[in-house]
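Protein chains in written order, with my numbering: chain A, 12 to 146; chain B, 12 to 146; chain C, 12 to 146. Even for Gly, the Cβ is constructed at its ideal location relative to N, Cα and C. Inspection log for the structure reproduced underneath, given as structure tokens.
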Amino acid sequence: MIHHITVATRGQGLHDITSEVAARVRRAAVREGLCTVFVRHTSASLLIQENADPSARRDLEAWFARLVPENDALYTHTLEGPDDMPSHIKSALTATSLAIPVSEGRLALGTWQGIFLWEHRRGRQQRHLVVHIGP
Amino acid sequence: MIHHITVATRGQGLHDITSEVAARVRRAAVREGLCTVFVRHTSASLLIQENADPSARRDLEAWFARLVPENDALYTHTLEGPDDMPSHIKSALTATSLAIPVSEGRLALGTWQGIFLWEHRRGRQQRHLVVHIGP
Amino acid sequence: MIHHITVATRGQGLHDITSEVAARVRRAAVREGLCTVFVRHTSASLLIQENADPSARRDLEAWFARLVPENDALYTHTLEGPDDMPSHIKSALTATSLAIPVSEGRLALGTWQGIFLWEHRRGRQQRHLVVHIGP
């Protein structure tokens, strides 16, 4: 079963999509299975991270921003703006697809885990996700 | 089919879980399929790496420890100890889920590939994994 | 359904394998499902990245080469050559398996997404991929 989810992002950061994904799993009424989330972009990515304390996510974003700065003299792919090449690199360092088992009809996430869409571009974007739920 | 595996870790490092996962695949008696391993934590992660020479794994751990040091002035999320924020970052840089095809009833790993749980915290932990084996 | 693909690589770089994977999906004649690509090596990895402008891929390769240089004094695993340990680290930072939903009989990739095998070794290699296509 395939579901499409569109997320409107307004600048860089981690967007919690756990409830959107969980809703598709409930609707699928699969007792045991596998839920795969896929992002159809190369300048946004997916991450399972700490869902409780927002300071952990802020530090994560700050650490990646320092590791992959804008305006690095190494970049030649600069036509789409200074935030484009860092976006591709951050996407390569994180995930384009995530698989989460479904157990007893629910995502088998740990207590402190949330599913996040990581927007790496500065501007407003429409991000398209595909969710597959299988047996 | 869903299996739960608990791994008791005693400090940072790569723990080989290949035989635990392979045992579930044998028991599932699936000839062709897909085995997905998921870790229910955000301060431990999964990795497929060299299973032969332990020096490759030691260098990998040392390299990540240098890239993501403790006590970085950037961190604000420090309440859970100096090893907590590096754990979240290392988890983001590696994998929360891994999918390995099953072929002829066995994990289709390469000769030199092992499946590892990467413990990023210093203390003793009980780590929960979920293994999904599908058609 | 399991397919095996062998890719002959001639030195470091991103090799577009999208059409090889797409051909297996067409042959499978699955309308909705999940396609998982797995690389059976620890010194080559998988990546979904920008398929249009080659400068984005060149910058990505240059950025990773700078982050993970050869001949780092930290390495002790050096018997297999100066490009071996960086290969393991780059593989750990990217992906060993990728899952792409199949929708309307085709890979649900975004317009600008390609599937790449990332060869991290300098020499000629035969790289083995396993593709699983499930319901």
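Residue i (DSSP reduced to helix, strand or coil)
i: C/D27; result: strand
i: B/A63; result: coil
i: A/V48; result: strand
i: C/R68; result: helix
i: C/S98; result: helix
i: A/V41; result: coil
i: B/R117; result: strand
i: A/W129; result: strand
i: C/L90; result: coil
Identity of the residue in the options nearest residue i by Cα
i: A/V141; options: A/R133, A/L128, A/D95; result: A/L128
i: A/R133; options: A/P93, A/E43, A/E31, A/L58; result: A/P93
i: C/P146; options: C/V36, C/I126, C/I59; result: C/V36
i: A/I13; options: C/V41, C/Q60, C/I16; result: C/V41
i: A/R51; options: A/R77, A/S102, A/N62, A/A76; result: A/S102
i: C/E81; options: B/W74, B/A84, B/L25; result: B/W74
i: A/Q137; options: A/V32, A/T29, A/A55; result: A/A55
i: B/R38; options: B/I126, B/A84, B/L118, B/D27; result: B/L118
i: C/E31; options: C/G24, C/Q23, C/A19; result: C/A19
i: A/A76; options: A/D64, A/L109, A/E130, A/N62; result: A/E130
i: C/S114; options: C/P97, C/S98, C/E43; result: C/E43
i: C/E61; options: C/V79, C/T17, C/I28; result: C/I28
i: A/P97; options: A/V79, A/P65, A/L104, A/D64; result: A/V79
i: A/A106; options: C/T53, C/I100, C/L58; result: C/L58
i: C/P65; options: C/A33, C/G24, C/R135, C/T17; result: C/G24
i: C/L109; options: C/H99, C/I126, C/G116; result: C/I126
Contact with chain E by residue i, beta-carbon distance below 8 Å
i: B/P112; result: The displayed structure is made up of protein chains A, B and C, and chain E is not among them.
Residue i - partner residues in DSSP beta bridges
i: A/E81; result: Paired residue(s): none; A/E81 is not in a bridge.
i: C/A106; result: C/L57
i: A/G17; result: Per the sequence presented here, residue 17 of chain A reads as Thr, with Gly not at that position. In the DSSP output, where bridge partners are listed per residue, A/T17 has A/H139.
i: C/G134; result: The partner list for C/G134 (beta bridge, DSSP) is empty, contrary to what the question assumes.
i: A/P112; result: A/L45
i: B/G145; result: B/L45
Contacts that residue i makes with chain A (C-beta to C-beta distance below 9 Å)
i: C/T53; result: Those within 9 Å of C/T53 in chain A number zero; the least Cβ separation is about 18 Å.
9 Å Cβ cut-off: residues of chain C touching residue i
i: A/F127; result: Result: empty, since nearest Cβ-Cβ is about 17 Å, beyond 9 Å.
i: A/T47; result: L45, T47, A110, I111, P112
i: A/L147; result: The shown model of chain A, from 12 to 146, leaves out residue 147 of chain A, and the question about it has no answer.
Per-residue contacts from residue i into chain A (C-beta, under 7 Å)
i: C/Q124; result: R51, T53
i: B/I13; result: E43, P112, S114
i: B/H88; result: D64, S66, A67, D70
Residues that residue i contacts on chain B, provided the C-beta gap is smaller than 7 Å
i: A/Q60; result: T53, H99, A103
i: C/S30; result: Correct list: empty, because the minimum Cβ distance to chain B is about 20 Å.
Contacts of residue i in chain B (Cβ-Cβ under 8 Å)
i: C/P146; result: P146
i: C/V141; result: P112, S114, A119
Check whether the segment 67 to 75 of chain C touches the segment 47 to 57 of chain C, taking contact to mean three or more Cβ pairs, one atom from each stretch, closer than 8 Å.
no
So, does the segment 115 to 126 of chain B touch the segment 77 to 92 of chain B, judging by three or more C-beta pairs under 8 Å?
no
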